Structures are given as C-alpha cells and as structure tokens.
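Protein chains in written order, with the numbering used here: chain A, 1281 to 1532; chain B, 5 to 476; chain C, 117 to 551.
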C-alpha cells in the first residue's frame, strides 16, 4: 500500500505514442532515479502523473498508496500527496511566494480551519535559511524575474513546505551551477525519510552524486529498459546513451 | 559631421524609370466625367451581358450615395475631382499572345520597364495592361493544359461565368466602400485566374499595370480562385508618368482560397507622385487555406490600402507583410485587416514604414475576433522609421477580441537612424548616403527576404534611390 | 420629474450671485450641450461604444439627503484615515468639509468647496475653472457639466509647499434618478507637492444615477501630484469622468484609476505635456462583469521635448461585459527626445466578454522612443496547471492570478491602507464570480 505505482501506462500526444506500457513502483523511503536520453518520455511521465490535460492516456493506471490518481484534477493529485518539481517553473506575476504557499497550505486544511500566521512564517523562514534563500524573497512575485538557480530553490522550498508523500523532480539539475546544485541537493536530502518516496528524473549523473539513489532506472523509447543500483548511473555516464540505444533499440 | 544636415534637408528624388509617356492615340474613349452613360459606354465597348451591366449600374448608385470617408481618412481625398477624370481609354486591341503583335509605343513602354525580360527569366505568365485594357497576355502552355485560366476580367466573365460569377463581388461587395463601388461601376482589365484542384504553380504569374494618359483613372479588377490543395503566387507591378494633374488608380482584388489552397499575392507599387492609389484587397481563406499579402508601397501621392483576409474555415491562416516608404509629398496610408470567423485560425501582420522628409506613413489595422471562437491567434508588429525631423508616422489599430484561448498581441514602435550610427558607418568609410541606405535596408531586411529574389533586388535599388535623396 | 435639460434651463445652478464670467461659461456650456449632436456610431472618438444606450434626460439634480442618510454615508467615507483634509458630498450637497491644518493654511494652501473658492478667490478661479476639456469626444457632456456644476473642491498649493497626506473627496449618489456633476480642480505651483483621492460610490445597489465628473489638474514647474480616483458606483449608474492633466517643466504627475462600478462608464483622460522634462504616469485597472461597459479614451500629448509619459491600463472581463481602450500618443513637431509608452492588457475570463483595443500613435518628431502594446488573452493554462499541482483548487488559482494581474498597478498606490481597501473592493467583486 505504501507505494506510488505506475502500471502498464500507455500515453500519446497528438496521435504519437510516448509512453509504452510503462511500469514503475516507488515504495516510501526510497529514492529512485530515472535516467535516459532526451525525448524518451521522462517529462511526459512526470506531467501525466501530475494530471496534465494535454496527454491522452490510452490505458494503464497510477495509484498512490493504493488510491487511483489517474484522471484526477491536478489539485486533487497534489492533495493526495504528489509533488512535481517542474523543469521550467512558471512565473506568476503579482502573486508573492508567501501568499502562494499559504494558499496552497490553506487548500489542504479541513473547512473552517485556518493557518497560524506566526508559525507559518517561522517555518517558512527556517526552510529558507536551510536553502540559503534571502528572506526578502517571500515578498517577491513567484518566480518572476528569478534566475534559474533561484527558481529551482523556490521549487524545493515549496516541496518542503507542502510536505508531500511522493516527490517527482523533473530535471531539477538543469541550469544549476555546482553551488546551487549542492544547496538544492541538501534541501532534498533533509526531506528523505521512511515516509517519503522520490523519483528523480535527470539526464546527467551529476545530480546523483549528491542525491544518492537507491535504484536507478534507464528509460528508452517510452519504457524502462534496465534497472540497477546507484553505480548504474556512473556506468551510464561513462558509456553514454548510445550504449543504451545500441543495447536496447532492438528489444524495444 | 553634423547630423542636423541629414535631419533637416530632404530632397525629393523619385525613381525616374517610369517617368515617360507616349502620345495618346485611342480608338475608344469614354470621355471626361462619370455618369450612367459612361458606364453604358464601357459596357457596350466590352459587349457585356445584361447582368454585368446591371452590376455596374447598381455600383454607380452606391458610389454616388456613399460619402468620402474623411471622418477618419485624410482630407486630401477631397482633391480628387471625379468629374475631370477619364474612365475608359483603349486602342481597341485584343491582348496579343506575342510581343511582336503589340503596338510599337506600347511594346516600347513595357520593354523600357523590363517586362519581356522578366517574363523570359522567371515568370509562368504575364499580363501587361496599358490604361484600360491588356495589351499582352500569355501563359506557359503546360499550365493551360493543366486547366489553369489566366485571362482579363471581361474575358473571364464572358467565357467562364460558371467559374467566376459565383465569387465575383462576393469577397468585396460593391457596398464595401466608396472606391470599391467606383471600381465595380467602371472596372476594366485586371486578371481573372483559376487554379484547378491540386495544381501547384512553381513560377509566379505577373501583371503589370501602366497608366499612359493624363487625367486617367485605371480601375482594374482581379479575381483569383485557388481550388482545393492548389498553390499560386501572383505578382503585380505598376508605374505611371509624372503628370501635373492628379491621376486615379482604384483597383479591387478578390482572392478565394478553397480548402488547403495557398495564395501569395505580391505587389510592388511604384506609381508616380501624382497618383491617388485607392485599392481594396481582400482574400477569403477556407478550411486549412492560406492567404498571404506581400505589399510594398513606394510611389503615389496618396495610397490607401488595407489588404485583408477573412479566415472563414477552421485552421485558416492569413498574413500581411508590408513595407511603405513615404517621401516628400507622399502619404502611405496602409495596413491590414484580419477577420477571424472560425476556430484555430491564425493571422500575422508585420508592417514596416519609413518616412522621409515631410513624408507621412500611417498604419491602420483591424483584428476582429467577434464571435465565440477558440484557439485563434493574431500577432501584429508595426515598426516605423523616421528619417528627418519633420517626418511623420501614425498608427491606428483596432482590435476586438472574444472567445476562449484566443490571443491577440499588438506591438508598435517608432525609431530613427541615430547620428551615432551614421557616424560609426562613415568612420568605416561609407558615404553618408550609403550609411543611411544601409541602416534603412537593415530596418526592412527581414521583410525583403519574403519577396522573390528578383523583386527584393529591385526593391533594394528603389529604396537606395529614395534614401540618396534624403541626405542631400 | 422634469427632464434634465429643462431642469437646468428653469433652475440654473448659479442661483447664488456668481461672477459674470462664470454665468457666461455656464451659458456657453448649456448651449454646447444643446447644440452638439449626441455621439454617433460613425464617430471615431466613440468607435465600439454602445452609443445607443445613453439616456441623459431621465435624470435631474435632487435635494439633500436626510440627516440619517447623511450620517450613514459619512460613516462609510472611511477608505483613507490618515489625511490632510476630507470632503464628503451626497447628490452634490456637502455633508462635511474637514479643512486643512492651521499650519497648511498659514503656508497659503487652499482646500475649499468650489462655491467658497468662487467667492474668496474669483481671479484664480477665472483663470482655471471650466477652462480645460479632454478633446476626446465629450464636449457635449462637458457643456452639461459646466452648466450644472455645484459640488466639488479646489486644491491650490503655493510654490514649494509640500503636503504629505492626501486630500480625500467622497462623492455619493443617494436619491433615485439623481444627476451629479462633481468637480476636482488641482493647481500645484512650482515645486509644490500633493496627493488627492476622489472616490465615487452609491448609497445602495439600486439608486439610479447619472454622473458627469470633471477633473482638471495643473502641475507647474517641478510640481509633484498624485491623483487617485476610485469609481465604485452601483450598476444603475451612467458615468462620465472627463479628466485632464497639464504638466509643466519637470513636473511629475501620476494618475491612477480603479474602475469597478457603473452600468456604463466613459473615462476620458487627457495628459498634455507642456514643459520639457515632465514625467507623467497613467495607470488604470478595471473589473468588468455582467453587462457593464467601460469605455476608456486616453490622450498623451507631448508638446515639449525631453519628457516622458507612460500609460498602463489593465482590464479583466467577466460575463458579457465589454471594455474599450482607445489611446493616442501624439508627439508634436519639435518635441524631440520624447519617451512615450502605452500598454493595454486585457484578460478575458469568460468567452462572452469582449475587449476592444485602439492603441494609436501620431508621431511628428523623429528623435523619439515611442511604443505601444496591446494584448488580449485568457489566463495561461500552464500557469494554472502549475498552481493546481501545488494543491490550489482551480477557482482559487484563477483568483490569485487575477489579483496578481492587478497587483502591478495596485502596488503603485503609495498608501498601504488605500491599497488594501482597493484590493478588498476588487476581491469583493470577484468573490461572487470566482468562488
């Protein structure tokens, strides 16, 4: 029951098949890395899990702790406990970070309950300090005019404030310099624990030096073609994705 | 070097290429002024069917009833004296199929303008109109075999009424505006073209319009029907000698692009600076079809022209790319209209204008998404370049939006060629005029690429000539 | 009830002994109202407006509200608590006038009801009162205003005097069928500084009213003036606001309008830059719902070089509402080194709403930086998805985005209490719709 489970998922967009019979199970307490060449369907998987409406799900299922989430509205999926850290976080002008996170927290409360502002800010500032974010950021519009690194830190801040059961991180390392990468990774590692599962989607092995996964999956042409321990990431890095293509193109 | 010299002096140099005329010698002349008799005369000379004559007479009534649009347009329109214009002049010729048969003075005219040479080089067909009627009309034989029709307006209505009549006056009704009504009453010449299903023309068809006589009004009428999945590029050019008195050119151009057809219509307007050029151009795009207007206005005293596309079928596309150059004494009042009437339609307008000396360029645009439509897009960019301190530019767009997932974006900017830019280029050894031309060419360069190569070279040359004057 | 024009002819507003020049201006105004034709469909300055829906003659000036009403309205006139002065009017009758501090009076600042200003400072008034029109198409209605004006305020700030707190003017409508003609005249001398808030509201949701308000702002060399205007009439009101600004050398003027109410609201705002170095900002936000029509016409005229004007008008539309933004930047010959910008953003929240944009430029000088941009669209689907992924319900996410859309203008209000009150006004209007 304590798993995020994707079963035989087939997804297409504008008639083109992207995910082909994709299956993956992430138990709580584990960090799974999903690696693979560009255009292989990694980001599609992330968006389908979060309930994006642009994709056509042909068959299959996704359950979160036994509860179906496929076909639900994005906010319902979020409430069920799934958080997606976006590859390209959106800029929302005029909506401050603090107000945004408050609104997201308030939406999770039972009707009639409200947020204790003092405690909220105490927690927010603590987490911003952990992520080495300036407190002045709380008043700034969400992601508006942020650098790439600032946006990614802001994603991790939200992730940590919203306390999800499962975190999907879509190419969180893209566009980060090494210092930012370390800070973001530390933030993620602080959140690791027996009650939470992670799916770290990345093209490069670099991030996995800092967020060490329990399992590494190699994705190619819409499905997982190979799984192994953390060392698989290094192997992949040294052999390159052509190796994947050569080894698995025929079986695919 | 003082920049003020550039900015304050503007000498008018017009392109002299078209500035010559031959003595008048006409077999048919409708006389001066406009009345029902004038219309009957034109119709008689053309031996038209009853319905065409009625169409003309009804249009004349509309013309007489409609006010001049001076509530929004320039008062210069009041300087057109309809009672002093000659509405029909022809030598009674049938359009020749070889240049040898064209009367000498007419042939020489078109030779000096380089038309036969262009035809040999890169055209699929040419029609050359001298005052009211075509003097020459020829299309490559293989196109004829494929069923392509390329004839004048009279011949089109007479020989192929089943093809042309259903669309004639439908995209632009006579009631559309005063000058469309005038054309509908007096039209003569122009091109009627039909491209059959699936036929894709590899080379352009071209028409060239020449005014030779003074006080003359030219009213050609063009109708292009591109049947399903066909493609055509059509180009038109025009010149007139520089007379003391005003000359009127008022055309109507209707384009019909049926399902998945593509029409590209290219105009290089280089009338002399005494011509009032008041033209109505509109295309209708059916499902998946594309209508593209590429419009370059260099000459004339006053041009008022707003090519439009009615996006009638789902997924239709419309585009207007225009360049206008207004020198001393000129007003280029141009723009575009995009009427979205179906889901998933897109339109794009890019307009670049250059005002030199006391020249005035005006952009007027209309983007209309009036109904409950979905997923429509319009993008409009208008950029104006002002060369001299007393140059002028105006921008008057009108945008109406409703519906779901529609986006409309309009941006306009005004800039000048800075003294620093000129200085920088002159320091590298360019003359002031060369530097100015380079800057202006840079401004329109992106758009020039949309023209066929032969035309963009000619356009660059024309722009260079205009710019040389501007810096004295 | 007698019709409006009859009423004015029979009972002219100038019952008190008014100076002769004013009697003449009123008579000229009335003549203008009676002779000029009503706006027509083919009138460029009224393009896209529903001209057929104008009914002027159904309204007439009315008497003063009862003491109980007056008390209630006074209590509700509380949008800005820290202020240098306040006037409250209902149906063009004065309910209260809180004058200036002794200190400001000693410095020569005048803050007076129009009637008192006419008596005490006739020369000043002759120079400025009813002298400036917007040139944007409402001369007929300006004429009616001139003939009928009886309520309003004069603010005069002498050279070098700075007033930190705002002057706040409230205009209420109360009686059924009332016609009101509020007038705000602001004269800021060299290097003076002041801010004014005009607030238009209705007593109930039902009382029908006609408003023809005029505001004329004169900012002399180096003066700094910030005028905010909140239009929150009920939806039984037809409203005209005819505002002008004349900016002298190095003057800094900000105009900010919040438009919430009226069945039909015409807002004309003309800015004339007459001195080099002037800097004028024009901001507006509008929330349109039901069958409301907001018709906004703006004119930025640059008659002097080296000046800046910047306009930002944002509209959010619901239901079958309509907005018209028609703006013109005119740079006169010789007004070189002008920077003039104009931006109109329309957010369509329902497919039946209609936004019209007519952003115009007339540029007669070449060394300028001018641009305009107009965009119309829906809420961004990707942004919505992003917010919902964080667990925010669709409606709440839409609300947040709409408030975010307006925040760009609200944050220009340099008074936190007023800004918060404006947010509340906007939220209140939306809560019923997006909840």
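For glycine and all other residues, C-beta sits at the position ideal for the given N, C-alpha and C. A quick note: this is a predicted structure, and the numbers were derived from the prediction, not measured.
Given that residue i touches chain A, what residues does it touch there, using C-beta distances under 8 Å?
i, result
"residue 498 of chain C", "1370"
"residue 516 of chain C", "1372, 1375, 1379, 1380 and 1383"
"residue 519 of chain C", "1374 and 1375"
Using CA coordinates, which residue listed in the options is at the minimum distance from residue i?
i, options, result
"residue 410 of chain C", "C:396, C:377 and C:350", "C:377"
"residue 490 of chain C", "C:458, C:382, C:251 and C:181", "C:458"
"residue 342 of chain B", "B:327, B:70 and B:381", "B:381"
"residue 284 of chain B", "B:125, B:463, B:340 and B:446", "B:340"
"residue 285 of chain C", "C:214, C:417 and C:548", "C:214"
"residue 243 of chain B", "B:107, B:114, B:330 and B:323", "B:114"
"residue 1498 of chain A", "A:1289, A:1297 and A:1304", "A:1304"
"residue 299 of chain B", "B:58, B:336 and B:331", "B:336"
"residue 1445 of chain A", "A:1327, A:1346, A:1521 and A:1337", "A:1346"
"residue 102 of chain B", "B:266, B:82 and B:132", "B:132"
"residue 1435 of chain A", "A:1324, A:1320, A:1334 and A:1363", "A:1363"
"residue 94 of chain B", "B:245, B:178 and B:222", "B:222"
"residue 388 of chain B", "C:264, C:487, C:195 and C:335", "C:487"
Which residues does DSSP list as the beta-bridge partners of residue i?
i, result
"residue 401 of chain B", "B:369"
"residue 342 of chain B", "B:313 and B:371"
"residue 1306 of chain A", "A:1284"
"residue 386 of chain B", "B:355 and B:416"
"residue 36 of chain B", "B:90"
Run down chain A in chain order and give the residues with a C-beta less than 7 Å from the C-beta of residue i.
i, result
"residue 202 of chain C", "The contacting residues do not exist; residue 202 of chain C stays about 31 Å from chain A at best."
"residue 523 of chain C", "1374"
"residue 450 of chain C", "Within chain A, no residue comes near residue 450 of chain C; the closest Cβ sits about 38 Å away, beyond 7 Å."
Who are the neighbours of residue i on chain C, taking C-beta pairs under 7 Å?
i, result
"residue 1387 of chain A", "507, 508, 509 and 512"
"residue 1359 of chain A", "507"
Could you tell me which chain C residues have their CB closer than 9 Å to the CB of residue i, listed as they occur along the chain?
i, result
"residue 338 of chain B", "Here the premise fails: no neighbours, minimum Cβ distance about 15 Å."
"residue 1353 of chain A", "504, 509 and 510"
"residue 1442 of chain A", "506 and 507"
"residue 1330 of chain A", "501, 504 and 505"
May I ask which residues mark the beginning and end of the beta strand (DSSP E) holding residue i?
i, result
"residue 1342 of chain A", "1336-1344"
"residue 237 of chain C", "Per DSSP, residue 237 of chain C belongs to no beta strand (DSSP E) and is neither H nor E."
"residue 493 of chain C", "484-493"
"residue 1506 of chain A", "1503-1508"
"residue 300 of chain B", "294-301"
Output, in chain order, the set of chain B residues within a Cβ distance shorter than 8 Å of residue i.
i, result
"residue 488 of chain C", "399, 414, 415 and 416"
"residue 192 of chain C", "In chain order: nothing, as chain B lies at least about 37 Å away."
"residue 491 of chain C", "411, 412, 413 and 414"
Could you pull the start and end residues of the alpha helix (DSSP H) that residue i belongs to?
i, result
"residue 45 of chain B", "40-49"
"residue 1410 of chain A", "1397-1410"
"residue 173 of chain B", "Segment: none, residue 173 of chain B is in no alpha helix (DSSP H) and carries neither H nor E."
"residue 1312 of chain A", "From DSSP, residue 1312 of chain A is part of no alpha helix (DSSP H) but of the beta strand (DSSP E) over 1311-1315."
"residue 183 of chain C", "183-192"
"residue 188 of chain B", "182-190"
"residue 1458 of chain A", "1458-1471"
Below 8 Å on C-beta distance, what does residue i contact in chain C?
i, result
"residue 1364 of chain A", "505"
"residue 376 of chain B", "467 and 468"
Measuring only between beta-carbons, confirm whether residue i sits less than 8 Å from chain E.
i, result
"residue 1438 of chain A", "As a matter of chain content, chain E is missing from the structure shown, whose protein chains are A, B and C."
* Count the C-beta pairs between the segment 402-409 of chain C and the segment 433-452 of chain C that are closer than 8 Å, then say yes if the count reaches three, no if not. => Counting Cβ pairs under 8 Å, three or more are found: they touch.
* To do: Evaluate the contact criterion for the segment 504-515 of chain C versus the segment 303-323 of chain C: three or more CB pairs, one atom per stretch, below 8 Å.
  => With the cut-off at 8 Å, the segment 504-515 of chain C and the segment 303-323 of chain C do not touch.
* With contact counted as at least three CB pairs below 8 Å, one residue from each stretch, are the segment 377-389 of chain C and the segment 246-258 of chain C in contact? -> Output reads yes: the segment 246-258 of chain C touches the segment 377-389 of chain C.
* Asked: Is there contact here, the segment 325-335 of chain C with the segment 353-368 of chain C, by at least three beta-carbon pairs under 8 Å?
  -> Short answer: they touch.
* To do: May I ask you to verify whether the segment 137-156 of chain B touches the segment 33-46 of chain B, counting CB pairs closer than 8 Å and requiring at least 3?
  => Segments in contact, no.
* **Three-pair Cβ contact test at 8 Å for the segment 436-447 of chain B versus the segment 395-408 of chain B** => In this structure the segment 436-447 of chain B does not touch the segment 395-408 of chain B; the number of beta carbon pairs closer than 8 Å is below three.
* Any chance the segment 302-311 of chain C sits against the segment 270-277 of chain C, with 3 or more Cβ pairs inside 8 Å? -> With the cut-off at 8 Å, the segment 302-311 of chain C and the segment 270-277 of chain C touch.
* Asked: Is it true that the segment 1362-1373 of chain A meets the segment 1397-1413 of chain A, where meeting means three or more beta-carbon pairs spaced less than 8 Å apart?
  -> Counting C-beta pairs with one atom in each stretch, the segment 1362-1373 of chain A and the segment 1397-1413 of chain A have fewer than three that are closer than 8 Å, which means they do not touch.
* Asked: Does the segment 142-155 of chain C touch the segment 410-421 of chain C, meaning 3 or more C-beta pairs lie closer than 8 Å?
  -> Short answer: they don't touch.
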